[in-house]
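This report refers to the structure that appears directly beneath it.
In my numbering, the protein residues as written are 49 to 408.
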C-alpha cells in the first residue's frame, strides 16, 4: 500500500478534480506491475497497471489500490469490470471513495463477484493523500492550504510592506512546487498593490494554477501583472457590491473573470461565498498566499485545512507586519489548533506542515 501511495503522488498537479490513485499488482510475493492516474480524463491507475501485463498474467494476483475502485462509467469505463475480467483474486483498498456514485459500491461489486476485498489498510495515510478530493466531494468547497513565509518572530514583512525575500531560494522553490500541485493560488488586493506578483509557476516545472484575487472594492490596477498572464480567463477577482461597475467591465474586457459575492461581517469578501463559486469552477484545492489580513479572515472563517509555515532564521521586530492579523481571542481556549504533520529543513529555513484539528 505504501508503494501504491507513492505511485499516486506521481500524478500531483494533473488529475484534479479526480483523486490521486496508485495501484500495485502482486503475485507470489513479487510486484509484477504498478501504475498511477496521471491525467484527468486518462486511464485510472488500475487500468494502467493491468495494461502492463500480458493476458492471463494477473490471474490469482492481488491488487493494492489506495482508493476504492470506481464502478460507474464516467470519462473512462468502470475499473471494477476490468478487475473482474483480469482474474485478480484479491483486492486491498486503502479507503472508500466518498463519491456517492462509488462510496462502498465498488467494494460490494467486487465481493459479490467472489473477489476477496480487504479495506482500510493505511487508511489515515490514504485519506490524507486525497484530502482535497474528500473536502471537495463531502463539503462542496476547495480544500485550503494556508502558506506563510515568516521570520522566527512571526513577521512576514517590514512595516513598509517590503517582504522580498524573507525566506531563501530553496523555500521559494518549494512554494512554487505547491503552486504547481494545487488548482488555484489566492492573494488579497493589498499583495497586488504592494508586490504586483505574477502568481505563476516559475522556479519548478509544472502547470500554472488559477489566480484568485480578493478585492472588495476593485482597487486592482488594470496593468497588474496578474491580469496579463497567459490563460487570462483563469484570473478571477472576487468583489462586492462596493465595486464600481465601470471598473468591473474594464477588468472583464481584458480577460479577467469578476464575481460579486456577499460581504462578510468585517466588510471584506465573504470567503464562504467565494469558495462556493470556486467549487462551481471546478477548483478542488486552494493555496492561500495573502498577507496577515487575508490569513486572519481564513482562520476566523474556519477554512484552513492545512497550514504550511516557512520560517527564516531572521528577526524583524514588533514593528513588522505579522503573519496573522488580530483574532480577537478572549481566552487561550479559543485558540485555533493544528496538529503536526511534518517538520524539515528546506535550505536554511524551517518548513512546518500542520493540519487542522477536528472538533472534539
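Every residue, glycine too, gets a C-beta built ideally from N, C-alpha and C.
The distance from the Cβ of residue 254 to that of residue 61 is about 5 Å, consistent with a contact at the 8 Å cut-off. Exposed is the label assigned to residue 148, since fewer than 16 other Cβ atoms lie within 10 Å of its Cβ. In the DSSP assignment, residue 228 falls within the unbroken alpha helix (DSSP H) covering 217–229. Excluding residues up to 5 positions away in sequence, 190, 231, 232 and 258 lie with their Cβ nearer than 7 Å to the Cβ of residue 331 in the same chain. CA-to-CA, the gap between residue 196 and residue 204 works out to about 8 Å.
In chain order, 193, 195, 335 and 356 place their CB closer than 8 Å to the CB of residue 226, counting only its own chain and leaving out the 5 sequence neighbours on each side. Within its own chain, the residues whose Cβ lies closer than 6 Å to the Cβ of residue 75, once the five positions on either side in sequence are excluded, are 109, listed in chain order. Per DSSP, residue 393 is one residue of the beta strand (DSSP E) stretching across 386–394. For the pair residue 343 and residue 236, the Cα-to-Cα distance works out to about 9 Å.
For residue 307, the enclosing beta strand (DSSP E) starts and ends at 305–308. Looking only at 262, 260, 294 and 240, the smallest Cα-Cα distance to residue 272 is reached by 240. Going by beta carbons, residue 171 and residue 127 fall outside the 8 Å limit.
Distance between residue 261 and residue 248, taken at the CA atoms: about 13 Å. Residue 85 counts as buried, since no fewer than 16 other beta carbons sit within 10 angstroms of its beta carbon. Linking residue 288 to residue 300 through their CA atoms gives a straight-line distance of about 15 Å.
In the structure shown, residue 337 adopts coil according to DSSP, grouped into three states. Residue 79 and residue 222 have their C-alpha atoms roughly 32 Å apart. The residue from 381, 382 and 400 with its alpha-carbon nearest to that of residue 390 is 400.
Fully contained in the segment 238–306 are the following alpha helix (DSSP H) runs of length 4 or more, in chain order: 293–301. Apart from the 5 residues on each side of it in sequence, residue 394 sits with its Cβ closer than 6 Å to the Cβ of 218, 219 and 222 in its chain, given in chain order. Between residue 120 and residue 49, the C-beta spacing is not below 8 Å. Relative to residue 124, the option among 275, 91 and 133 whose CA is nearest is 91. With distances taken between CA atoms, residue 326 lies nearest to 306 out of 211, 339 and 306. When 266, 373 and 406 are compared, the shortest CA-CA separation from residue 294 is found for 266.
Here DSSP, grouped into helix, strand and coil, assigns residue 397 to strand.
In terms of Cβ geometry, residue 314 and residue 274 do not form a close pair [threshold 8 Å].
Bridge partners of residue 364 according to DSSP: none are assigned. As the crow flies, the alpha-carbon of residue 185 is around 15 Å from that of residue 63. A buried status is given to residue 397, since no fewer than 16 other beta-carbon atoms sit within 10 Å of its beta-carbon. The alpha-carbon separation between residue 159 and residue 118 amounts to approximately 14 Å. When DSSP states are grouped into helix, strand and coil, residue 49 belongs to the coil group. Contact check for residue 365 against residue 201 passes: the beta carbons are separated by less than 8 Å.
If you draw a straight line from the Cα of residue 182 to the Cα of residue 283, it is about 25 Å long. Counted as a single uninterrupted DSSP element, the stretch harbouring residue 120 is not any alpha helix (DSSP H), since DSSP gives it neither H nor E. Following the DSSP letters along the chain, one finds residue 73 inside the beta strand (DSSP E) bounded by residues 70–75.
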